[in-house]
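Student: In UniProt numbering, the protein residues as written are 1 to 201.
#1: Compare the C-alpha of residue 142 against each of 171, 174, 80 and 103 and name the closest.
#2: Taking only three categories from DSSP, how would you classify residue 48?
#3: Under 8 Å, do residue 144 and residue 78 count as touching if we go by C-beta distance?
#4: Quick one: give me the first and last residue of the beta strand (DSSP E) that residue 157 is part of.
#5: So, using beta-carbon positions, are residue 204 and residue 112 closer together than 8 Å?
#6: Based on DSSP bridge pairs, tell me the residues matched to residue 106.
#7: What separation, rounded to the nearest whole angstrom, lies between the Cα atoms of residue 131 and residue 27?
#8: Measure the C-alpha to C-alpha separation of residue 101 and residue 127 and round it to an integer number of angstroms.
#9: Count the other CB atoms within 10 Å of the CB of residue 74; is the residue buried (16 or more) or exposed (fewer)?
#10: DSSP three-state label for residue 187, please.
#11: Over the uninterrupted alpha helix (DSSP H) stretch that includes residue 7, give me the two end residues.
#12: With a cut-off of 8 Å, do at least 3 Cβ pairs link the segment 11-23 to the segment 52-59?
#13: Report the rounded CA-to-CA distance for residue 36 versus residue 85, giving the unit in angstroms.
#14: For a test of the three-state rule: what should DSSP assign to residue 74, helix, strand or coil?
#15: Taking the alpha carbon of residue 42 as the point to measure from, which residue in 23, 63, 59 and 195 has its own alpha carbon closest?
#16: Going by DSSP in three states, residue 41 sits in which element: helix, strand or coil?
#17: Between 146, 165, 194 and 6, which has its C-alpha nearest residue 182's C-alpha?
Right, here's the structure in full:
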């Protein structure tokens with residue numbers, strides 16, 4: 001496909017990302033007006049680049065006519081939280097929504113990947129309204145703390161630079177960094193619980 005054809009094909013995914021960002025960011029002022037600390041720190045989103053799509057199609061053996069069904073993260077949204085406990089609060093909020101259908105959940109927070117990667121992934125079906133009618137779009141929502149996001153962002157950059165081929169020493173260093181990141185999250189979570197109990201007293 002040429003550039004124009006890709007743009008047309010991916011347009012519904014860009015619109016899905018744009019709409020989800022507005023809706024999910026809208027939770028912050030709702031919490032603020034209610035006088036409740038928001039579990040949502042900030043929200044980002046992106047549509048996978050054509051190069052990344054084509055690379056993943058080859059790696060996962062995805063046929064072109066199966067792309068929209070087999071690649072769940074063409075549209076991706078990330079919700080960042082301050083604390084680990086907030087991740088599950090956000091998950092519960094998403095489960096209650098009527099404007100999307102949850103198809104799958106993967107908890108890499110409780111069950112971290114061997115690399116040390118931690119995040120909560122939710123695959124949804126989003127009913128996008130187009131001029132041609134309703135179009136059901138698959139999208140992936142990732143929920144993670146800011147510490148988890150720092151580690152994942154840096155690991156992704158290193159992975160790209162080395163084409164996913166790490167030395168044993170690099171793997172150990174990345175895992176060590178992930179463990180330290182997890183320790184920091186645990187400390188912040190403990191402090192958050194302590195201050196919350198103090199506020200109630």
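Glycine residues also receive a C-beta, built at the ideal position from the N, C-alpha and C atoms.
Quantities reported herein were computed from a predicted structural model and do not represent experimental measurements.
Tutor: A quick look at the data gives this:
#1: 80
#2: coil
#3: yes
#4: Unbroken run through residue 157 is the alpha helix (DSSP H), 146-161; no beta strand (DSSP E).
#5: For residue 204 there is no data in the structure shown, the boundaries of the chain being 1 and 201.
#6: 121
#7: 27 Å
#8: 9 Å
#9: buried
#10: helix
#11: 3-25
#12: no
#13: 15 Å
#14: coil
#15: 23
#16: coil
#17: 146
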